[in-house]
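J.: Got a structure here, written out as structure tokens. Questions coming.
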Amino acid sequence: MKCQKCPKPATYHITDIERGKPQEFHFCEEHAKIHLAASEHLADKSEMGMIGKEVLESVKAELDQQSCPICQLTFAEFRSTGRLGCPHDYEVFRDELMPLLENIHGETRHAGKVPRRSPMISKQQTSLIQLRNDLKRAVAAEDYEAAAKIRDGIKAIEQLQGRESTRPV
2 MKCQKCPKPA TYHITDIERG KPQEFHFCEE HAKIHLAASE HLADKSEMGM
52 IGKEVLESVK AELDQQSCPI CQLTFAEFRS TGRLGCPHDY EVFRDELMPL
102 LENIHGETRH AGKVPRRSPM ISKQQTSLIQ LRNDLKRAVA AEDYEAAAKI
152 RDGIKAIEQL QGRESTRPV
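Position 96 of the sequence shown, counting from 1, maps to 97 under our numbering, and the rest follow consecutively.
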């Protein structure tokens, strides 16, 4: 399909709702940017756009004032630098970070590779942390059968670690 404004291929397919009726547009990247910029400009001028913008600005200002009690990093500083100050920030800004991380990575849990040379103890520690978090969730959900299985898994890993730490090197 070609762009409605030029002979380039249409890579953006936009549907606008005007007066309750959908209207489809097919644009190349350049013309899509122009169309979207014009749409934003019109929305900013409308009364609903102004009210929504004011509410958004007040929520944003309130969020920017939120800070970590440990490192004193504000959310505004995080947004400007893109860096957190301490591990505690993940809990303080959890509600704002989770959608951001999910949008960027498609997931909120690490599911990547672990170095092959990584010691077995390190892998076990990681699984212990994950199992302990799962145990907390199972107990909170009052799923005691699952909690018992998780507890047994934790004990097995802890016993295995105990044997490895007493083994001569």
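Just so it is clear, CB atoms sit at the ideal spot from N, CA and C, and this is done for glycine as well.
#1: Which value, in whole angstroms, describes the spacing of the CA atoms of F26 and Q5?
#2: Could you give the DSSP three-state label for P100: helix, strand or coil?
#3: Whole angstroms is fine: what's the gap from E97's alpha carbon to D135's?
#4: Buried or exposed, going by whether 16 or more other CB atoms sit within 10 Å of the CB of G21?
#5: Alpha carbon to alpha carbon, how far is H106 from T16? Give it in angstroms, no decimals.
#6: Which of helix, strand or coil does DSSP assign to E31?
#7: Can you tell me where the alpha helix (DSSP H) with T82 in it begins and where it stops?
#8: Return the residue from the list F28, Q67 and E159 that minimises the CA-CA distance to S128.
#9: In whole angstroms, what separates the C-alpha of R95 from that of C87?
#10: So, with DSSP's three-state summary, where would you put Q73?
#11: For G50 and L37, I'd like the C-alpha separation in whole angstroms.
#12: Out of A142, C72 and S81, which one is the CA nearest neighbour of Y91?
T.: In brief:
#1: Approximately 7 Å, taken between the alpha carbons.
#2: If DSSP states are grouped into helix, strand and coil, P100 belongs with the helices.
#3: A straight line joining the alpha-carbon of E97 with that of D135 spans about 23 Å.
#4: With fewer than 16 other beta carbons inside 10 angstroms of its own, G21 counts as exposed.
#5: When rounded, the distance between both Cα atoms is 27 Å.
#6: DSSP, reduced to helix, strand and coil, places E31 within a helical segment of the structure shown.
#7: Its alpha helix (DSSP H) spans residues F76 to T82.
#8: If you compare the alpha carbons of F28, Q67 and E159 with that of S128, the shortest gap goes to E159.
#9: Cα to Cα, the separation comes out at about 13 Å.
#10: It is coil, neither helix nor strand.
#11: Here G50 scores only 48 on pLDDT, less than 50, and its place in the model should not be relied on; the value that follows carries that caveat. So the alpha carbons of these two residues sit roughly 15 Å apart.
#12: Nearest C-alpha to Y91: C72.
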